[in-house]
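Numbering (this note's numbering), first residue to last: 115 to 200. One structure below.
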Amino acid sequence: MISVLREIIVNGTERRIDALGRIVLPANIRNKLGLKTNSKVFICLNDDAILITSAEKHCALCGHNIDVGKELRLCADCIEKVKNSH
C-alpha cells in the first residue's frame, strides 16, 4: 500500500477547479489513457477519491470496467439481465 501511495505522490499533479467545476487533465495522463478531444470519461467516487477512466471500457448500464465491443457496450451480466427481462 505504501508503494502505491508513493507512486501516486510521485506521478500526481495538483490542479485547481474552476468556477464551473472543471479541471484540466494533464496531457501525459490523457495520452496514457488514449483520451482525445471529445472522448467520454467515466467518473465515480471511490471512498474519498475521484476515479476517472475511459468510458469506452465501461458497461453502459452498470458501469463495471470490462472489455466491450465498439457497437454494444454491455457487460455479460447486463446482457443476461436484458435477455431475461423479456
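Every residue gets a Cβ at the ideal spot worked out from N, C-alpha and C, and that includes glycine. Here the structure is a predicted model, which is why all the values come from computation and not from measurement.
Cβ-based burial, Cys-176 [other Cβ within 10 Å; buried from 16]: By the 10 Å Cβ count, Cys-176 comes out exposed.
Are the beta-carbon atoms belonging to Lys-171 and Asn-160 less than 8 Å from one another? Their beta carbons are not under 8 Å apart, which means Lys-171 does not touch Asn-160 by this criterion.
Let me know the secondary structure DSSP gives Ile-131 once reduced to three states. Ile-131: coil per DSSP, three-state reduction.
Can you give me the C-alpha to C-alpha distance between Asn-198 and Cys-189, rounded to a whole angstrom? Between Asn-198 and Cys-189, the alpha-carbon positions lie close to 14 Å from each other.
Beta-ladder partner(s) of Val-155, from DSSP: In DSSP, Val-155 forms a bridge with Ser-168.
For the alpha helix (DSSP H) containing Arg-144, name the first residue and the last one. Arg-144: member of the alpha helix (DSSP H) spanning 141 to 147, first to last residue.
Suppose you measure from the CA of Cys-158 to the CA of Lys-195; what does that come to, to the nearest Å? In a straight line, the C-alpha of Cys-158 is about 23 Å away from that of Lys-195.
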